[in-house]
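Its first residue numbered 0, the first sequence is counted upward by one per residue in numbering that gives the first Met the number 0.
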Amino acid sequence: MAEWVPIAEVAQHEGEEVTVKGWLYHRTDKGKLKFLMIRDGTGLIQGVMFKKNVPEAAWEAADHLTQESSIIVTGRVRADQRAPGGYELDVSDLEVVHRAELDYPIQPKEHGVGFLLQHRHLWIRSPRQAAILRIRATVKRAICDWLDSHGFVNVDTPILTPAAVEGTTTLFEVDYFGEPAYLTQSGQLYNEATIFALGKVYCFGPTFRAEKSKTRRHLTEFWMVEPEMAYATLEDVMEVTEQMVSHVVRVVLERHRHDLEARLKRNVSRLERVEPPFPRISYDEAVALLHRKGFEDFPWGEDFGAPHETAISEEFEKPVFVYHYPTQCKAFYMEEVPGRPEVCRSVDLLAPEGYGEIVGGGQRAFSLELLERRLEEHNLPREAYEWYLDLRRYGSVPHAGFGLGLERTIAWICGLDHVRETIAFPRMLERMYP
RNA sequence: UCCUCGGUAGCUCAACUGGCAGAGCGCCCGGCUGUUAACCGGGUGGUUGCAGGUUCGAGUCCUGCCCGGGGAGCCA
0 MAEWVPIAEV AQHEGEEVTV KGWLYHRTDK GKLKFLMIRD GTGLIQGVMF KKNVPEAAWE
60 AADHLTQESS IIVTGRVRAD QRAPGGYELD VSDLEVVHRA ELDYPIQPKE HGVGFLLQHR
120 HLWIRSPRQA AILRIRATVK RAICDWLDSH GFVNVDTPIL TPAAVEGTTT LFEVDYFGEP
180 AYLTQSGQLY NEATIFALGK VYCFGPTFRA EKSKTRRHLT EFWMVEPEMA YATLEDVMEV
240 TEQMVSHVVR VVLERHRHDL EARLKRNVSR LERVEPPFPR ISYDEAVALL HRKGFEDFPW
300 GEDFGAPHET AISEEFEKPV FVYHYPTQCK AFYMEEVPGR PEVCRSVDLL APEGYGEIVG
360 GGQRAFSLEL LERRLEEHNL PREAYEWYLD LRRYGSVPHA GFGLGLERTI AWICGLDHVR
420 ETIAFPRMLE RMYP
């Protein structure tokens, strides 16, 4: 038998007889000629099958072959401009591993979103969805590579937690041997402990929010990478963020340019501009900008909604940092701006093209006194935070960190209109199946 | 939780002012040596989301419920 090669590498075997193992994506019959679109997870290639070139049994097997049947196809690799992708397989033999039942629900045509999500376990086979999942893997890898090579130690923070990290908002409660426990919504507080042992750290895992959000930017289970650094400031956070994000975009462009352009119809020139430094504007400046752009009645002190974020990011070609938010709309652990306690040392990174906030971070409160006061103001149970307060008792340092939402970042890079396509099996309000 | 749109064949949708429930795709049969979601001919396919009401007659109007899409708030 000829050498088994992944479809992605078929072009390197021009003129040779090769075997591909995959699934039938689409078939077109033209009398004594058949076109078989074959996918194998690495790519898509057209097999051209002439009746006179294949054994009788292979021809008959192909005759009524159903979509998504698993097949092993052998043929000579040939360059042909008429073939999608430029190369095709001049088929000499075909073996049917399993003939799929004939009611495969997903056709190579348009479907409604609800239907596709109900069949997500099959939808991911479609080339576009598979491309997104491959890019997701690259994004994760690129993030870890960058952090690992810049002195960050990967620490796994717990998923089961005893209390709310950022207050008692919407957490998923689970039964922990008769006591309530909660699925984590951030590993940050634990990272603030581990930096005292390791210097620079990051956690990277799933987080859970039980909020009843029904928008293109929300999942109830999503992945977040959270770097945290000892002896670091808000300015350090912005520098690390822009370096890391730029690296990720660069790597994705390097490895997935074709998928981005051909499969996802992404305008990559927008991504090519993503290089440090990113513009930085203060919350005050952002509010002034909004006032100039038609949001005259936006009150100072409120957090931005989606339309505001879009309006701000429209003014810039790159992702933009907005820093020094009002203290009242950020979490209890934010450091104050010296001399201006009404704003805090926080920063959000807004992605271009209306993708909104992909990073939130800041410099953490340094002093025990400030933290104690904040816990009280936020009505948080002090007992649950005693260990956290210890961090300010034994060698407190200025420190800072941020969280980057993986799905939102991927949606932006891929140019998707909803984060649900960036994860294999999205968990959303109103949807837990499959 | 609120606002908004929707639910008709396996899929995407149509059906005027209440009057015989349809098309394209899929699938099945036949034809075709260059298809790109092929094309041509024939065939298959329905508890109109559920329950009740109005009416001679309801996919269509009314009430309630269920399910889903989009958005807001909140967030990454």
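All C-beta atoms in this analysis are idealised placements derived from N, C-alpha and C, irrespective of residue type, glycine included.
Keep in mind that this is a model prediction, so the values were computed, not measured.
Exercise. Check whether the stretch 42-62 touches the stretch 109-116, taking contact to mean three or more Cβ pairs, one atom from each stretch, closer than 8 Å.
Key: The stretch 42-62, when compared against the stretch 109-116, does not touch it at the 8 Å Cβ threshold.
Self-check item: Distance between L415 and D102 (C-alpha atoms, nearest Å)
Solution: Looking at the two C-alpha atoms, the distance is approximately 29 Å.
Quiz item: At what residues does the beta strand (DSSP E) containing H217 begin and finish?
Solution: Taken as a continuous stretch (DSSP letters only), H217 belongs to no beta strand (DSSP E), as it is neither H nor E.
Quiz prompt | DSSP state of R256 mapped onto helix, strand, coil | solution = helix
Quiz item: If we ignore side chains and look at the alpha-carbon of each, how far apart do T167 and L233 end up?
Solution: A caution first: T167 carries a pLDDT of 49, below 50, which makes its placement in the model unreliable, though a value can still be read off. So the alpha carbons of these two residues sit roughly 26 Å apart.
Quiz prompt | Euclidean distance between Cα positions of T27 and M36 | solution = 9 Å
Exercise. Within its chain, find whatever has a CB closer than 7 Å to the CB of F49; leave out the 5 residues flanking it on each side and keep chain order.
Key: For F49, where only same-chain residues beyond five positions count, the Cβ hits under 7 Å are K31 and L32.
Self-check item: Whole-angstrom C-beta distance between R262 and V418, which should lie under 8 Å
Solution: No, V418 and R262 are not in contact; Cβ-Cβ is about 18 Å, not under 8 Å.
Exercise. Go through the stretch 70-106 residue by residue and report every complete run of the beta strand (DSSP E) that reaches 3 residues or more, in order.
Key: 86-97
Quiz item: Straight-line CA distance for V200 to T183?
Solution: Going from the Cα of V200 to the Cα of T183 covers about 18 Å.
Practice problem: Specify the secondary structure class of T167 as computed by DSSP and reduced to three states. | Solution: Low confidence applies here, because T167 scores a pLDDT of 49, under 50, leaving its location unreliable and the question unanswered by this model.
Self-check item: Reference I123; option with closest CA among M223, R38 and L370
Solution: Nearest C-alpha to I123: R38.
Quiz item: What is the DSSP secondary structure of G46, counted as helix, strand or coil?
Solution: strand
Quiz item: Is it right to say S91 is buried, meaning 16 or more other beta carbons lie within 10 angstroms of its own, or is it exposed?
Solution: Classification for S91: buried.
Exercise. Within the same chain, show all residues whose beta-carbon is closer than 6 Å to that of G198, passing over the 5 residues directly before and after it, in chain order.
Key: Correct list, in chain order: A229.
Self-check item: Sufficient close CB pairs (3 or more, under 8 Å) joining the stretch 337-346 to the stretch 381-393
Solution: no
Exercise. Please classify A10: does DSSP put it in a helix, a strand, or coil?
Key: helix
Quiz item: Taking just the CA atoms, how far does A287 sit from T206?
Solution: 34 Å
Quiz item: Could you give the residue range of the beta strand (DSSP E) that holds P179?
Solution: Secondary structure note for P179: its beta strand (DSSP E) is the uninterrupted segment E178 to L182.
Self-check item: Proximity below 8 Å, CB of V358 to CB of Y322
Solution: Not closer than 8 Å, so no.
Practice problem: Leaving out five residues on either side along the sequence, give the residues of the same chain with a beta carbon under 6 Å from the beta carbon of F203. | Solution: V224
Exercise. Can you tell me which of the three DSSP states I357 falls into?
Key: In the structure shown, I357 falls within a strand segment according to DSSP collapsed to helix, strand and coil.
Practice problem: Using three-state DSSP, classify W386 as helix, strand or coil. | Solution: It is helical.
Self-check item: Beta-carbon gap between R81 and G14 smaller than 8 Å
Solution: no
Quiz item: Which term fits Y324, buried or exposed, when burial requires 16 or more other beta carbons within 10 angstroms of its beta carbon?
Solution: In the assembly as shown, Y324 is a buried residue. Its beta-carbon has 16 or more other beta-carbons within 10 Å.
Quiz item: Looking at the structure shown, is W299 part of a helix, part of a strand, or coil, going by DSSP?
Solution: coil
Self-check item: With 16 other Cβ atoms within 10 Å as the buried cut-off, status of S68
Solution: It counts as buried.
Exercise. With a threshold of 16 other CB atoms inside 10 Å of the CB of H307, please say whether the residue is buried or exposed.
Key: In this structure H307 is buried. Its beta-carbon is surrounded by 16 or more other beta-carbon atoms within 10 angstroms.
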